[in-house]
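*Asks:* I have a structure I would like to understand better, so I am pasting it below and will then ask my questions one at a time.
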Amino acid sequence: MLGRSLGMVPASDPHHYAVGVKEVIGLTPEQINDRFNITGEEGAAWLFAGSPSDGLMGGGFLYTNKDSVSLGLVCGLGDIAHAQKSVPQMLEDFKQHPAIRPAD
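Following the UniProt record's numbering, the numbering of the sequence shown begins with 1 at its first residue and continues without gaps.
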C-alpha cells in the first residue's frame with residue numbers, strides 16, 4: 001500500500017489474480033490404483049475447464065498422491081463477484097460431477 005500511495009506500484013487489477021481451493025481426500029493406495037487404473041509408483045493428474053468454476057474464468061484439478069487424492073478449483077478473482085455460487089459451493093458441486101464422483 002505504501003508503494004501504491006507513493007506512485008511506485010500500480011493499482012491491482014482483480015482480473016490478474018485468482019483464488020484457489022483444494023480438498024485432500026484420504027484413500028488407500030489400493031483404492032487409488034483401482035479408481036485411476038494405475039499401478040506401482042504411477043500417478044494421475046487431470047485438469048478441467050469451465051464446469052468446476054461454474055463457467056467463470058478458471059478450472060479444476062485432480063491429482064493422486066500415495067494415500068490421498070487432491071481435488072480443487074481455481075476461479076478468477078475478478079469473476080467471483082459475478083458468480084451465482086460461492087467458491088466452497090463450487091467445490092462441493094465439482095465433487096458431485098460424474099467424472100469425479102466414484103460410481104455407486
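Here a beta-carbon is modelled for each residue, glycine too, at the ideal position from N, C-alpha and C.
#1: Spatial neighbours of K85 within its chain, please: C-beta separation below 6 Å, excluding the five flanking residues on both sides.
#2: Within the same chain, show all residues whose beta-carbon is closer than 8 Å to that of G59, passing over the 5 residues directly before and after it, in chain order.
#3: The alpha helix (DSSP H) spanning I25 covers which residue range?
#4: Where DSSP assigns a beta bridge to F61, which residues make up the other side?
#5: For V19 and I80, which I take to be in contact (beta-carbon distance under 8 Å), what is that distance rounded to the nearest angstrom?
#6: Which whole-angstrom value describes the C-beta separation of T64 and I32, a residue pair presumed to lie in contact below a C-beta threshold of 8 Å?
#7: Using the beta-carbon count (16 or more within 10 Å), is L62 buried or exposed?
*Replies:* Result, derived from the coordinates:
#1: Looking up residue 85 in the sequence shown gives position 85. The answer, listed in chain order, is D54.
#2: Locating residue 59 in the sequence shown gives position 59, counting from the first residue. L47, F48, A49, G50, P52, S53, L73 and V74.
#3: Numbered from its first residue, the sequence shown carries residue 25 at position 25. Run containing I25: none in the alpha helix (DSSP H); it sits in the beta strand (DSSP E), A18 to G26.
#4: Residue numbering aside, residue 61 sits at position 61 when the sequence shown is read from its first letter. BP columns for F61 point to L47 and G72.
#5: By one-based count along the sequence shown, residue 19 stands at place 19. By one-based count along the sequence shown, residue 80 stands at place 80. About 7 Å separates the two Cβ atoms, so the contact holds.
#6: Indexing the sequence shown from 1 puts residue 64 at position 64. Indexing the sequence shown from 1 puts residue 32 at position 32. Their Cβ separation, rounded to whole angstroms, is 5 Å, which keeps T64 and I32 in contact under 8 Å.
#7: The residue given as residue 62 occupies position 62 in the sequence shown. Label assigned to L62: buried.
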